[in-house]
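Q:
Have a look at this one:
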């Protein structure tokens, strides 16, 4: 004899299929338009992310570059590699002037970031393939803003803008 819950599932397969379909649709909407989580590995973002890989949370409300500012960490589709994705720091938005090559290159060359694009670089400049290699990234390739590291648990943190000093309280109490 089957328990009542098992009889309900077996007796109503259409209900089961509909419930599974609703769950999958909700998960798709959540990961497409709200938040996404996954690994971030590689040497280009040392010391922000470990080379072996940290797990991060990406806020999809910032996709297509919406409300992204200089200093933010972004998850993006790499323009020169199909289906490849990366995480880098934004250092230039449309209209900003940025250094095109490495800081120690001579002669140093500047360029203005074109409209609809941003300039991104890795925190580890020596081991990063970024805008210095493939140029400005279209804002349409921005998949979201990295807002937190949730694994490993011992190093979990919420990311703030990398250009704002967290110790700076902006209160003049002199």
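Residue numbers (mature numbering (1 follows the signal peptide of the UniProt record, and there is no 0)): -19 to -1, 1 to 155.
Note that beta-carbon positions come from the ideal geometry of N, C-alpha and C, so glycine has one too.
(1) Between residue 85 and the rest of its own chain, which residues show a CB-CB distance below 6 Å, the 5 nearest in sequence each way excluded?
(2) Given a cut-off of 8 Å on the beta-carbon distance, is the pair residue 13 and residue 110 in contact?
(3) Considering only DSSP beta bridges, list what residue 73 is partnered with.
(4) Please look up how many angstroms separate the CB atoms of residue 101 and residue 83, rounded, as I've assumed it's under 8 Å.
(5) Under 8 Å: do the stretch 89 to 101 and the stretch 112 to 126 share three or more Cβ pairs, one atom per stretch?
(6) For the beta strand (DSSP E) that contains residue 126, what are its first and last residues?
(7) Nearest to residue 127 by CA position, among 42, 62 and 92, is which residue?
(8) Residue 39 bridges to which residues according to DSSP?
(9) Examine the Cβ distances between the stretch 35 to 52 and the stretch 127 to 142 and report whether three or more of them are shorter than 8 Å.
(10) If we ignore side chains and look at the alpha-carbon of each, how far apart do residue 4 and residue 131 end up?
(11) For the putative contact between residue 122 and residue 75, defined by C-beta atoms under 8 Å, what is the C-beta separation to the nearest angstrom?
(12) Exposed or buried, which one is residue 67 when buried takes at least 16 other CB atoms within 10 Å?
(13) Rounded to whole angstroms, what is the Cα-Cα separation between residue -6 and residue 57?
(14) Going by C-alpha distance, which of 36, 106 and 40 is nearest residue 22?
A: Concretely, from the data shown:
(1) Walking along the chain shown from the start, residue 85 turns up at place 104. Hits under 6 Å: none found.
(2) In the chain shown, the residue the question calls residue 13 occupies position 32. In the chain shown, the residue the question calls residue 110 occupies position 129. The answer is no: Cβ separation not under 8 Å.
(3) Along the chain shown, one-based indexing puts residue 73 at 92. According to DSSP, residue 73 bridges with 100.
(4) Counting from one through the chain shown, the residue named residue 101 turns up at place 120. Counting from one through the chain shown, the residue named residue 83 turns up at place 102. Actually they do not touch by this definition, with Cβ atoms about 15 Å apart.
(5) yes
(6) By one-based count along the chain shown, residue 126 stands at place 145. Its beta strand (DSSP E) spans residues 123 to 132.
(7) As a working mapping, residue 127 is identified with position 146 in the chain shown. If we check each option's Cα against that of residue 127, 42 comes out closest.
(8) Within the chain shown, the letter at position 58 stands for residue 39. Note: residue 39 sits in a beta bridge opposite 17 and 127.
(9) yes
(10) Stepping through the chain shown from its first residue, residue 4 is reached at position 23. Stepping through the chain shown from its first residue, residue 131 is reached at position 150. Approximately 24 Å between the Cα atoms of the pair.
(11) In the chain shown, counting from the first residue as 1, residue 122 sits at position 141. In the chain shown, counting from the first residue as 1, residue 75 sits at position 94. Not a contact, Cβ separation roughly 14 Å.
(12) As a position in the chain shown, residue 67 is number 86, starting the count at 1. Its Cβ being crowded by 16 or more others within 10 Å, residue 67 is buried.
(13) Taking the first residue of the chain shown as position 1, residue -6 is located at position 14. Taking the first residue of the chain shown as position 1, residue 57 is located at position 76. For residue -6 and residue 57, the distance between alpha carbons rounds to 39 Å.
(14) For the purposes of this step, residue 22 is taken as the residue at position 41 of the chain shown. Comparing Cα-Cα distances from residue 22 to each of 36, 106 and 40, the minimum goes to 36.
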